[in-house]
Amino acid sequence: MKQTRFLLCFHYVVFLMYSLQCGFVYGSQIEGLSSGTMISQFTLPSPDSDETRDYLGLKAMGPFTLSNIDSKLVLIELLSVTCGACNLNAPISNRLYNVIRKDAFLAGDIKMIGIAFGNNEKEIFAFKNRYKIRYPIFPDEECAIATMLGVMETPGMVLATTDGKVLTSHGGMIRDFDGFLKELRDICKKQ
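With the numbering used here, letter number 139 in the sequence shown gets 142, and the count goes up by one each step, no holes.
Okay, structure coming up:
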């Protein structure tokens, strides 16, 4: 009886720890990444394919920064493949990417990438296959980028210029898809 109760409590604690590692459930702006904030140029690893390089408009394979991306704006998804909320948000993020790619107005102005905090390429590959994700996701295995941004909670979205000026951020799952898409359109019109 005591062992059963212990196991039940243990499973509950493990579930809570897994759930709570995804800090944002829903929120507005990400603390420290509000509109107007400048983020430092961080280096991302070389794209994993020519298709990714072409999508981002990079001149060559190799490590790169946001300023190397051929676009006015970059939509950065902040995620961890072990985050439950990130897994729930994956189909929504994928839909967002597909809408942006097919929208003549947005496709010319926004490129979307993901940065996976604490994850390696193998984990990202499995995550992308599970959810049929087409946009590039880059590893931040040691959480160096997360630390530099001051963000350790996932999921989140940051829309920034390629020189690092944050235009908006969104902490948590995207609950109002149409509202978030309208916000992206409105910001693009002003750029």
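Note that CB positions come from ideal geometry on N, CA and C, so glycine has one too.
The Cβ atoms of I103 and I113 lie closer than 7 Å to each other.
G117 is bridged by DSSP to E80 and I140. It is roughly 14 Å from the alpha-carbon of I42 to the alpha-carbon of M160. With fewer than 16 other Cβ atoms inside 10 Å of its own Cβ, K125 counts as exposed. The beta carbons of A88 and F120 sit no closer together than 7 Å. Assignment of beta strand (DSSP E) within the segment 163-189, counting only whole runs of 3 or more residues, yields 169-174 in chain order. Residue environment for M151: exposed (fewer than 16 other C-beta atoms within 10 angstroms of its C-beta). In the DSSP assignment, the residues bridged to V161 are I79 and S172.
For P94, the enclosing alpha helix (DSSP H) covers residues G87 to K105.
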